[in-house]
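K.L.:
Numbering (this note's numbering), first residue to last: -9 to 300.
(1) Using C-beta distances below 6 Å, list every residue in its chain close to residue 22, excluding the 5 sequence neighbours before and after it, in chain order.
(2) Below 6 Å CB to CB, which residues in the same chain sit around residue 80 once its five sequence neighbours on both sides are set aside?
(3) Can the beta-carbon of residue 246 be found less than 7 Å from the beta-carbon of residue 298?
(4) For residue 75, which residues in the same chain have their Cβ closer than 7 Å to its Cβ, ignoring the five residues on either side in sequence?
(5) With which residues is residue 32 paired in a DSSP beta bridge?
(6) Can you give me the Cβ contacts of residue 3 inside the same chain, cut-off strictly under 6 Å, excluding the 5 residues immediately before and after it?
(7) Beta-carbon separation of residue 341 and residue 128 under 7 Å?
(8) Could you check the C-alpha separation between residue -9 and residue 256 for me, to the nearest Å?
(9) Could you give the residue range of the beta strand (DSSP E) that holds residue 259?
(10) When DSSP labels each residue in this structure, what does residue 210 get in the three-state scheme?
(11) List the endpoints of the continuous alpha helix (DSSP H) containing residue 45.
(12) Please look up how many angstroms separate the CB atoms of residue 277 and residue 269, rounded, as I've assumed it's under 8 Å.
(13) What residue range is occupied by the uninterrupted alpha helix (DSSP H) comprising residue 254?
(14) Cβ atoms of residue 10 and residue 48: under 7 Å apart, would you say?
(15) What would DSSP say about residue 10, mapped onto helix, strand or coil?
(16) With C-beta atoms as the reference, is residue 216 less than 7 Å away from residue 168?
Following this line, the structure appears as structure tokens:
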């Protein structure tokens, strides 16, 4: 592990480790004042409607901080976040740890000095407001601390204008196309379609028909096709419509580079972000088009370098 990664891992794990230690220390300090049976779940009005033993509560709740911390560390190392995304991840980790850690402490304190066999009076809703305030302060602290760690490099690499291009002679026309999508997508569509038919026949067609329609719509885009030709860049499904087309007059330059589905686009599918949009089926190589509007459009596809060069 490099020193840069070590710093990111430490900062990602720090708030969850601190929250866990604080929760454990406070539990140890008040353990002799807690009943054997804790009120741990409350309805919308704050009245207790669920109970656990003190030991079961610790075994059930505290690992949640460890799981969240491990998730934050994984994203910090493997997510390839850069710039503001990296800072917001750090701030979000501090906020989540503070919010969850405070609520776990608050649940313990509402059970302090409750008689054996009795139940806590309730969970005052002011604790939710305090937890949100703690999350806001901790998130701000995380944003400040994130500036102490070197931000990962932007994955976009060199200026796309310097890349090699396909040169066409006068009157020569060329086109390039590739299919995209995962092998399991058609299988998932068939399973969804079968579920819709089964639910419709056995239960209710008011539930089954929407599932069938959703499967059919999803099926048209389960194996999209990317085309680069004289009209520009087109992403289409099994049917001619709907489709996504970026005409040549809207393009400034096209490039081939790796993209991260989660870090850059927030997930998979047709994604729209403040500065970019795209058809993202996975993390990996993609055709990335810089538009005249200042935005970017990307589509993940194999052999993207050839498509971008054309």
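Cβ atoms here follow ideal geometry from the backbone N, Cα and C, with glycine treated the same way.
P.N.:
In terms of the structure at hand:
(1) Numbered from its first residue, the chain shown carries residue 22 at position 32. So no residue of the chain qualifies.
(2) For this step, residue 80 is matched to residue 90 along the chain shown. Cβ neighbours of residue 80 beyond the five flanking positions: 1, 132 and 136.
(3) The residue you call residue 246 lines up with position 256 of the chain shown. The residue you call residue 298 lines up with position 308 of the chain shown. Contact flag set, yes.
(4) Along the chain shown, one-based indexing puts residue 75 at 85. Excluding residues within five positions, the ones whose Cβ falls inside 7 Å are 253.
(5) Within the chain shown, residue 32 is the residue found at index 42, counting from 1. The partner list for residue 32 (beta bridge, DSSP) reads 38.
(6) Walking along the chain shown from the start, residue 3 turns up at place 13. 59 and 63.
(7) Only positions -9 to 300 of the chain appear in this structure, which leaves residue 341 out of reach.
(8) Position 1 of the chain shown, counted from the first residue, corresponds to residue -9. Position 266 of the chain shown, counted from the first residue, corresponds to residue 256. Below a pLDDT of 50, predicted positions are generally treated as unreliable, and residue -9, at 47, falls in that range; no measurement from the model is reported.
(9) As a first step, residue 259 is located in the chain shown; it is residue number 269 there, counting from the start. Membership of residue 259 in the beta strand (DSSP E) is indicated by the continuous run 259 to 262.
(10) On the chain shown, residue 210 is found 220 positions in, with the first residue counted as 1. Per DSSP, reduced to three states, the secondary structure at residue 210 is helical.
(11) In the chain shown, counting from the first residue as 1, residue 45 sits at position 55. Start and end: 44 to 68.
(12) One-based indexing of the chain shown puts residue 277 at position 287. One-based indexing of the chain shown puts residue 269 at position 279. Not a contact, Cβ separation roughly 10 Å.
(13) Sequence index remark: in the chain shown, residue 254 carries index 264 (1-based). Start and end: 251 to 255.
(14) As a position in the chain shown, residue 48 is number 58, starting the count at 1. As a position in the chain shown, residue 10 is number 20, starting the count at 1. No, these two residues do not count as a Cβ contact at 7 Å.
(15) If you number the chain shown from 1, residue 10 lands on position 20. Correct three-state label for residue 10: helix.
(16) By 1-based counting over the chain shown, the position of residue 216 is 226. By 1-based counting over the chain shown, the position of residue 168 is 178. Yes, these two residues count as a Cβ contact at 7 Å.
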